[in-house]
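Counted the way my numbering counts, the sequence shown spans residues 1 to 107. C-beta: ideal position from N, C-alpha, C; glycine also.
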Amino acid sequence: MVNLKLRDLEKKVQQEVEKIIDPETGLTFGQMKMIKNVKEKRPGILEIEFIPSSPFCPMAFRLALRLREAAENVEGVKKAYVYCRGHMMEESINEMVNRGLKNLDEG
Numbered sequence: 001m002v003n004l005k006l007r008d009l010e011k012k013v014q015q016e017v018e019k020i021i022d023p024e025t026g027l028t029f030g031q032m033k034m035i036k037n038v039k040e041k042r043p044g045i046l047e048i049e050f051i052p053s054s055p056f057c058p059m060a061f062r063l064a065l066r067l068r069e070a071a072e073n074v075e076g077v078k079k080a081y082v083y084c085r086g087h088m089m090e091e092s093i094n095e096m097v098n099r100g101l102k103n104l105d106e107g
């Protein structure tokens, strides 16, 4: 039963973040298949990976923040860690977006 509840939250978050619109294309994240992974690491703590529309996407930081905000607005989510993948500045983006959140590996 616990696994079903975990997967339910992942599914709800996935559905919510896929509604976000990429301002460069006017398409949703779902239409562009930009969400690589949504995983509940612990109850209420999620990790979301996304791939921006290009490795040089100037909106990647804003999109990552928007993803985190959308995920954290889903009932049952306490924290959402967002990781940009395939971007030339992914390390900086990931650090800034997740700054202030307790590391996933730290209980």
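Measuring alpha carbon to alpha carbon, tell me which residue in the options is nearest residue i.
i, options, result
"I21", "G76, S53, K39 and M88", "S53"
"E75", "G44, M34, E24 and K39", "G44"
"E18", "I35, G26 and E24", "I35"
"H87", "L46, A64 and K79", "A64"
"V77", "Y83, R68, C84 and R85", "R68"
Could you give the first and the last residue of the continuous alpha helix (DSSP H) run that contains residue i?
i, result
"V97", "E90 to N98"
How should residue i be labelled, buried or exposed, when 16 other C-beta atoms within 10 angstroms of its C-beta is the threshold for buried?
i, result
"L101", "exposed"
"E95", "exposed"
Got a sec? Which residues, its chain only, sit under 6 Å from residue i by beta carbon, not counting five neighbours each side?
i, result
"V2", "Confidence in V2 is poor, its pLDDT being 46 and thus under 50, which makes the residue's placement too unreliable to answer from."
Which residue marks the beginning of the beta strand (DSSP E) containing residue i, and which one marks its end?
i, result
"R68", "Note, R68: premise wrong, no beta strand (DSSP E); alpha helix (DSSP H) at A60 to E72."
"F50", "I45 to F50"
Query raised in the report: Does the segment 55–64 come within contact of the segment 7–17, defined as at least 3 CB pairs closer than 8 Å?
Result: No, the segment 55–64 does not touch the segment 7–17.
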